[in-house]
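Colleague:
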Amino acid sequence: MLEVNKETFGPEVLEADGYVFVDFYGDGCVPCQALMPFVHGLADEFEGKLKFCALNTTQARRLAIGQKILGLPVMAIYKGGEKVEELAKEDCTEPAIRAMVEKYAK
Numbered sequence: 001m002l003e004v005n006k007e008t009f010g011p012e013v014l015e016a017d018g019y020v021f022v023d024f025y026g027d028g029c030v031p032c033q034a035l036m037p038f039v040h041g042l043a044d045e046f047e048g049k050l051k052f053c054a055l056n057t058t059q060a061r062r063l064a065i066g067q068k069i070l071g072l073p074v075m076a077i078y079k080g081g082e083k084v085e086e087l088a089k090e091d092c093t094e095p096a097i098r099a100m101v102e103k104y105a106k
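The sequence shown: position 50 = 50 (full-length UniProt numbering), numbered continuously.
1. On the DSSP bridge assignment, give the partners of residue 74 in chain order.
2. Considering only DSSP beta bridges, list what residue 53 is partnered with.
3. Alpha carbon to alpha carbon, how far is residue 104 from residue 46? Give it in angstroms, no decimals.
4. Once DSSP output is grouped into helix, strand and coil, what is the label at residue 103?
5. What does residue 82 pair with, by DSSP beta-bridge criteria?
6. Take the Cβ of residue 106 as the centre, count every other Cβ of all protein chains shown within 10 Å, and call the residue buried at 16 or more, exposed below.
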């Protein structure tokens, strides 16, 4: 799981080859913290098939707003600099996140 910030988000996510999974989380977000071990487990399970990144929106508010992240948690898939799918707030369940990852992991 690669931790990205406002300096590395562009090169690591928007300019990356293939699909990139991004976990948008915040310091005070309890659901984000609860999902983190599960998401890190998926990153290990699908290593080499899908790039996994995490962005702390508390430290990158403008970037998060620019990506239309208006509530947390948000799990998103990017390709070619564009967001192709996302799960937000109560849609961020372990089965839904796994299904989204399996859809894009090649």
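Built from N, CA and C at the ideal position, the CB exists for glycine as well.
Modeller: Reading from the atomic positions:
1. Walking along the sequence shown from the start, residue 74 turns up at place 74. Partner(s): 24, 88.
2. Numbered from 1 along the sequence shown, position 53 holds the residue referred to as residue 53. Partner(s): 2, 22.
3. For this step, residue 46 is matched to residue 46 along the sequence shown. For this step, residue 104 is matched to residue 104 along the sequence shown. If you draw a straight line from the Cα of residue 46 to the Cα of residue 104, it comes to about 10 Å.
4. The sequence position of residue 103 within the sequence shown is 103, counting from 1. For residue 103, the secondary structure class from DSSP, reduced to helix, strand or coil, is helix.
5. Looking up residue 82 in the sequence shown gives position 82. Listed as beta-bridge partners of residue 82 by DSSP are 79.
6. Along the sequence shown, one-based indexing puts residue 106 at 106. When all chains shown are included, residue 106 counts as exposed.
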